[in-house]
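J.:
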Amino acid sequence: MIDLAARAIREGKLVVMPTETVYGLAADATNDDAIAKIYAAKGRPADNPLIIHIAGLDQLDQVATDISDAVLELGRHFWPGPLTIVLAKAPSISRLATSGLETVAVRVPQHPMARELCRRSERPLAAPSANLFTQLSPTRVEHISPEIRAASEVVLDGGASKIGIESTILSLVGQPRLLRTGHISAGQLAEVLGQPIPEASPERIRLAPGQYARHYAPRTPLVLVDQLARSQPGLTFGDPQNPHQLHMPLDPIGYAMLLYHSLYQLDGANLESIGIERPPETADWSAVWERLRKASAPE
Ligand code: TXA
Ligand code: MG
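No gaps in the numbering here: position 120 of the sequence shown is 619 in the numbering used here, and each next residue is one more.
(1) Buried or exposed, going by whether 16 or more other CB atoms sit within 10 Å of the CB of N630?
(2) Can you tell me where the alpha helix (DSSP H) with V570 in it begins and where it stops?
(3) The ligand TXA and N741: does the residue's C-beta get closer than 7 Å to at least one heavy atom of that ligand?
(4) Whole-angstrom Cβ separation of V521 and E652, contact assumed at under 8 Å?
(5) Output the distance between the C-alpha atoms of G574 and T564, rounded to the nearest integer angstrom.
(6) Taking DSSP's pairing of strands, which residues face M516 in a bridge?
(7) What three-state label does DSSP hand H642 in the structure shown?
(8) What first and last residue would you give for the beta strand (DSSP E) that runs through R679?
(9) I'd like to confirm something about S628: is its beta-carbon nearer than 7 Å to some heavy atom of the ligand MG, or not?
(10) With DSSP collapsed to three states, give me the class of L840.
(11) Roughly how many whole angstroms lie between the Cα atoms of Q726 and L582?
(12) Going by CA-CA distance only, name the one from L749, A716 and N769 that's closest to T781.
(13) Is V585 near the ligand TXA - that is, is its Cβ less than 7 Å away from at least one heavy atom of it?
(14) Closer than 7 Å by C-beta to E615: which residues in its own chain qualify, once you throw out the five before and the five after it? Chain order, please.
Below you can see the structure in the form of structure tokens.
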């Protein structure tokens, strides 16, 4: 199956690829026509650049040009894994994939199928999350929509994504700054870099490419509550009181792993709204909070 997928990539076609964060919709990052198919399939605005996946640190010079000690240090520490780093772009990467920017977002995924696909296709793989624009990111193959399936030559089933939310994004163009929270925290990055990583201000994040107020959202409206009412559908830290209440663990790693899957389950149940009990406001919940805020933002 991976050989079939690798061939499809080389032929400029799309492949749904499992990663440890979320499923990606992958194409050859050096092929403009293939990249255009990703934007068309997702209904994604052209000003929202894609993340480029490579098989290992040794391939970094194929996609980026300013390979500093800091990148190598971070790469050795966190790759393969859920960290994306923004660097200066190498010329071979499609300008469509970076929305015309001179920078490129790169990561080495940890999921064995994703790494194998990078290796066997012998191409850097541009892959946004394999959902329609603004909708929930898929963390299991059954979450992939019919539209995305129809646009893909091969759909690889790699089981449930272990992390469950999108990668942390760190820009190393100029001063290091955090563009998106994720499983790897600003504190962990600061420790390896030996300098604090400013959390980009909300203002700066809004100005960064591809940042929209509403994102990661199910079709059913979400409401954040302190505690679900007995009859209300939603996600609870307590014991479920009705069939449309799902229990969530009071730990941010376990919660992130289940978040999109739980929302997909309730989204399919024709509910008027989904209640979500507010998690703690502590730093270790910041990646979960970023998703909850965006998913519950008004349309
Ligand atoms: O975990 C992940 O990162 C997943 C899996 C499939 O690897 N991918 C993912 O891709 O979340 P996507 O398209 O949903 O997120 C891409 C985001 C853009 O919206 C933008 O915020 C940022 O990455 N990005 C990409 N290129 C950038 C660049 N050159 N400069 C700044 N931000 C960039
Ligand atoms: Mg996405």
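Glycine included, each C-beta is placed from N, C-alpha and C at the ideal position.
Keep in mind that this is a model prediction, so the values were computed, not measured.
T.: Based on what the coordinates show:
(1) buried
(2) D568 to F577
(3) no
(4) No, V521 and E652 are not in contact; Cβ-Cβ is about 20 Å, not under 8 Å.
(5) 15 Å
(6) G523
(7) helix
(8) R676 to R679
(9) yes
(10) The structure shown does not extend to residue 840, since the chain spans only 500 to 798, so no value can be given for it.
(11) 33 Å
(12) L749
(13) yes
(14) I501
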